[in-house]
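What follows is a single structure, written as structure tokens, with notes after it.
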Amino acid sequence: MSSRSARDIRASLGHPVIDADGHTIEVTPVLLDYLDEVGGPAIVDAYRRFPVKRQFRLDENDPYHTTDSGSWVWPTRNTLDRATATLPKLYAERQEEFGIDYSIVYPSEGLFGPQIGDDDLRLAACRAYNLYIADSFRPYADQLTPAAVIPCHTPAEAVTELRHAVGELGLKAVVLRSFVKRPATATRPERLDFLALGSDHDYDPVWAACAELGVAATFHSSATYGGRNQIPNYSYNHIGVLAAGGEAIAKALFMGGVTKRFPQCNFAFLEGGVGWAVNLYGDLLGHWERRSAGRIDAYDPANLDQDLFLGLLEEYGDERVQGHLGGMRDIFTRAQPTVDQTDNFSAVPMNDPREMLDLFVAPFWFGCEADDPMNPHAFNRAANPFGAAMQAVLGSDNAHWDVTDMNKVLGEAYEMVEKGLLAEADFEAFVFTNPVALHAGMNPSFFEGTAVEHAVAAVVVPARA
Numbered sequence: 001m002s003s004r005s006a007r008d009i010r011a012s013l014g015h016p017v018i019d020a021d022g023h024t025i026e027v028t029p030v031l032l033d034y035l036d037e038v039g040g041p042a043i044v045d046a047y048r049r050f051p052v053k054r055q056f057r058l059d060e061n062d063p064y065h066t067t068d069s070g071s072w073v074w075p076t077r078n079t080l081d082r083a084t085a086t087l088p089k090l091y092a093e094r095q096e097e098f099g100i101d102y103s104i105v106y107p108s109e110g111l112f113g114p115q116i117g118d119d120d121l122r123l124a125a126c127r128a129y130n131l132y133i134a135d136s137f138r139p140y141a142d143q144l145t146p147a148a149v150i151p152c153h154t155p156a157e158a159v160t161e162l163r164h165a166v167g168e169l170g171l172k173a174v175v176l177r178s179f180v181k182r183p184a185t186a187t188r189p190e191r192l193d194f195l196a197l198g199s200d201h202d203y204d205p206v207w208a209a210c211a212e213l214g215v216a217a218t219f220h221s222s223a224t225y226g227g228r229n230q231i232p233n234y235s236y237n238h239i240g241v242l243a244a245g246g247e248a249i250a251k252a253l254f255m256g257g258v259t260k261r262f263p264q265c266n267f268a269f270l271e272g273g274v275g276w277a278v279n280l281y282g283d284l285l286g287h288w289e290r291r292s293a294g295r296i297d298a299y300d301p302a303n304l305d306q307d308l309f310l311g312l313l314e315e316y317g318d319e320r321v322q323g324h325l326g327g328m329r330d331i332f333t334r335a336q337p338t339v340d341q342t343d344n345f346s347a348v349p350m351n352d353p354r355e356m357l358d359l360f361v362a363p364f365w366f367g368c369e370a371d372d373p374m375n376p377h378a379f380n381r382a383a384n385p386f387g388a389a390m391q392a393v394l395g396s397d398n399a400h401w402d403v404t405d406m407n408k409v410l411g412e413a414y415e416m417v418e419k420g421l422l423a424e425a426d427f428e429a430f431v432f433t434n435p436v437a438l439h440a441g442m443n444p445s446f447f448e449g450t451a452v453e454h455a456v457a458a459v460v461v462p463a464r465a
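Numbering-wise, the sequence shown is residues 1 to 465 according to full-length UniProt numbering.
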């Protein structure tokens, strides 16, 4: 980490610093007051009994318990930071101390609302949270803006809450779920729905609403499924969990053709870093080159030269192979299995692999913690196909266990420059121009009235459509 203070580093920069993913830790009793206003006492009681991850139990009957230390995720010994995350007035007051000019602030407990299976409770929890943050952060809008939580079990509920949060409450940032758990039915087991590909619903109205309302669709979901919920060890389960959640929805958005149908939309995948994105970018290119229309034919059983193959078996096969030549001929000459999909990229047809620059690189942003050693790979144009630079943004994760001292975040980020791993211009993109493009690219007035308004006015945000 840099030996310089956050204030000193900030003073040396010729540009502001924007935190694209800080967090608040809610005052749960106040949140419950809003929930009571939205849904009444029965909804409040149901929410109190729902296993939301909390650091402190609400009462003796609070059911939340983990065996993997999953509730020990917010600072306590650093009590000032704990209070900072909870109190917007204190958060805003300390921004200068952090060397940060402006922050987009995401939920903690609020992230659990969209996961609730019960329709009434889910919708009430999301609505109450959005009312809570709109009121509590409004006086500090020059330095902080909170992100509304958007339920996504159906497109209709997502659009309804988007319109309420943005259109009525005036919130400028939103966070959506990367996936929805669909319950088992008589004909199908429980499954995960990644919204943009193979979904139970058409989510295009959601992306259209984001475009209409001028908000980036950001995602902050942990992939707590499969091998990440089998062992009572928090670190084992947590490592890679946000990267996996981001990768799942990013793949779906690209392969489902959303970025092609909605070129005006911006999407961000937060807290998972950018290493997975560089890998996914290369993987998608490699798969497209081999499994898209006209290329996957190389693996069609009908294209096997049976005579040549059987002749080579006879010439080069060992005794065991020789003993099965007759059976092998039968296998290769009978009708072969058919497949329903012969173009894995049918929803996003491309004629040139460089179209990935418009369909993957341009619409996607990636939230990175300050100390993530993979961050420089976002800007490794020499290694990334077609000279691409991934649009990485600083996401402090302030308020969560990753940050032991909020004063050290900027120093941890700037260390990449001091070590020669990142150019100053790329650092400016990381902490300033990339976050500006993410949000002002959807809403040109996003930063009006904020501490960074004048600096942002000098930034040229590329048109997305």
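The beta carbon of each residue, even a glycine, is placed where N, CA and C say it ideally should be. Just so you know, these numbers come straight off a predicted model, no measurement behind them.
For residue i, I'd like the list of residues in its chain whose CB is within less than 7 Å of its CB, leaving aside the five on either flank, ordered along the chain.
i	result
residue 341	none
residue 116	50, 122 and 125
residue 328	310 and 313
residue 183	190
residue 348	254, 255, 257, 260 and 359
In three-state DSSP terms, what is residue i?
i	result
residue 21	strand
residue 343	coil
residue 288	helix
residue 150	strand
residue 251	helix
residue 259	helix
residue 297	helix
residue 79	helix
residue 43	helix
residue 218	strand
residue 302	helix
residue 104	strand
residue 181	strand
residue 31	helix
residue 144	strand
residue 385	helix
residue 89	helix
residue 139	helix
residue 278	helix
residue 446	coil
residue 13	coil
residue 2	coil
residue 431	helix
residue 56	coil
residue 396	coil
Based on DSSP bridge pairs, tell me the residues matched to residue i.
i	result
residue 72	None, per the DSSP bridge assignment.
residue 391	365
residue 176	150 and 219
residue 191	182
residue 268	218 and 365
Give a yes or no on whether the C-beta atoms belonging to residue i and residue j are separated by under 8 Å.
i	j	result
residue 366	residue 392	yes
residue 24	residue 85	yes
residue 217	residue 254	no
residue 215	residue 173	yes
residue 163	residue 92	no
residue 344	residue 291	yes
residue 105	residue 137	yes
residue 378	residue 274	yes
residue 90	residue 166	no
residue 421	residue 376	yes
residue 223	residue 250	no
residue 289	residue 353	yes
residue 270	residue 395	yes
In chain order, what residues of the same chain have a beta carbon less than 6 Å from the beta carbon of residue i, not counting five sequence neighbours either side?
i	result
residue 252	194, 196 and 197
residue 228	237 and 241
residue 103	19, 22 and 144
residue 435	18, 20 and 393
residue 412	1, 370 and 371
residue 280	247
residue 221	177, 178 and 245
residue 335	none
residue 299	none
Quick one: is the Cβ of residue i within less than 7 Å of any heavy atom of the ligand MG?
i	result
residue 40	The model on display carries no ligand, and the ligand MG is accordingly not part of it.
Kindly list the residues whose CB is nearer than 8 Å to the CB of residue i, restricted to its own chain and excluding five residues on each side of it in sequence; keep chain order.
i	result
residue 44	32, 35 and 36
Assess, as a yes-or-no matter, whether the stretch 146-153 is touched by the stretch 172-181 under the definition of 3 or more beta carbon pairs within less than 8 Å. Contact holds: three or more Cβ-Cβ distances are below 8 Å.
Cβ pair count under 8 Å reaching 3, the stretch 32-43 against the stretch 131-143: With a cut-off of 8 Å, the stretch 131-143 and the stretch 32-43 count as touching, because enough Cβ pairs lie within range.
Are the stretch 89-103 and the stretch 3-13 in contact at 8 Å, needing three or more beta carbon pairs? Judged by Cβ distances under 8 Å, the stretch 89-103 makes contact with the stretch 3-13, as three or more pairs qualify.
Is it the case that the stretch 108-123 contacts the stretch 427-438, given that we only count it when at least three CB pairs across the two stretches are under 8 Å? In short, these stretches do not touch, since the Cβ pair count stays below three.
Say whether the stretch 366-385 touches the stretch 68-81, bearing in mind that this needs 3 or more beta-carbon pairs closer than 8 Å, one atom from each stretch. No, they do not touch.
With contact counted as at least three CB pairs below 8 Å, one residue from each stretch, are the stretch 393-405 and the stretch 440-453 in contact? Using a C-beta cut-off of 8 Å, the stretch 393-405 makes no contact with the stretch 440-453, since fewer than three inter-stretch Cβ pairs fall below that distance.
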